[in-house]
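J.: Take 276 as the starting number for the sequence shown in our numbering and just add one per residue.
All residues carry an ideal CB built from backbone N, CA and C; glycine is no exception.
The structure displayed is predicted, hence computed values, not measured ones.
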Amino acid sequence: MPEAPAKRKSGALSLYDDDDEEKPPAKKATGGLEPLQLIAVLGCRRGQRDDMQDAHLLMNTFDLELSFVKRCALYAIFDGHAGARAAKFCEEHIPSTLKKKLSSYSDLTSMEKQLKRVFTETFKSVDERFLNEAKKHKPVWKDGTTVTCVLLLNDALYVANLGDSKVRSLWNELI
């Protein structure tokens with residue numbers, strides 16, 4: 276379930292100071308609302324381990340080739356456990372699996388109503404394929420991963436999470 280927007284408190288982190296003269300002008304969308312401006316950043320830290328076990332996606336353009344989707348982006352973090360293979364597998368296979376499932380819809384309303392099911396089916400499908408691959412190896416791979424995805428669909432953000440990773444959002448006071 277998506278998190279509620281955080282309320283901005285005095286002194287909270289923002290991209291622009293209120294007095295910043297170089298603030299870019301806001302562009303108005305239909306209905307007088309400002310379009311959602313999304314900035315995705317990523318930082319990685321290996322920590323005490325010998326190798327990095329995590330993977331990520333920063334896809335500012337995730338083209339579903341559907342007329343009713345004007346803008347789509349996909350962001351994900353895969354927190355690998357006991358190795359990097361599951362995280363890397365998800366990084367490689369989740370976008371194409373998700374795109375195939377989302378591209379089957381003929382309208383935005385039905386797509387949005389089914390997003391929970393679409394993400395669940397995507398995660399299960401990729402998991403089954405990884406487990407089949409893991410069983411082919413001796414010794415059998417024991418890798419695992421959490422999955423946290425953020426999907427921008429037109430001007431709405433949807434979060435899907437599997438495991439103990441979390442998503443935090445920072446909202447400008449104008450939103």
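#1: Is the separation between the beta-carbon of Glu340 and that of Phe353 shorter than 8 Å?
#2: Report yes or no: do the stretch 389-405 and the stretch 332-346 share at least 3 C-beta pairs separated by less than 8 Å?
#3: Which whole-angstrom value is the C-beta distance of Thr336 and Leu373, which I expect to be below 8 Å?
#4: Round the Cβ separation of Ala435 and Phe394 to the nearest angstrom and send it over; I've been treating them as touching at under 8 Å.
#5: How close, in whole Å, do the beta carbons of His368 and Val401 come, if the pair is a contact with beta carbons under 8 Å?
#6: Where Ser385 and Leu377 are concerned, what is the direct C-alpha to C-alpha distance, given to the nearest angstrom?
#7: From Lys240 to Lys417, what distance separates their C-alpha atoms?
#8: Measuring straight from C-alpha to C-alpha, what distance separates Arg320 and Pro370?
#9: The alpha helix (DSSP H) that contains Ile314, what's its start and end?
T.: Well, looking at it:
#1: no
#2: no
#3: At roughly 14 Å, the Cβ-Cβ gap does not stay under 8 Å, so Thr336 and Leu373 are not in contact.
#4: 4 Å
#5: 5 Å
#6: 10 Å
#7: Only positions 276 to 450 of the chain appear in this structure, which leaves residue 240 out of reach.
#8: 24 Å
#9: Careful: Ile314 lies outside any alpha helix (DSSP H) and carries neither H nor E.
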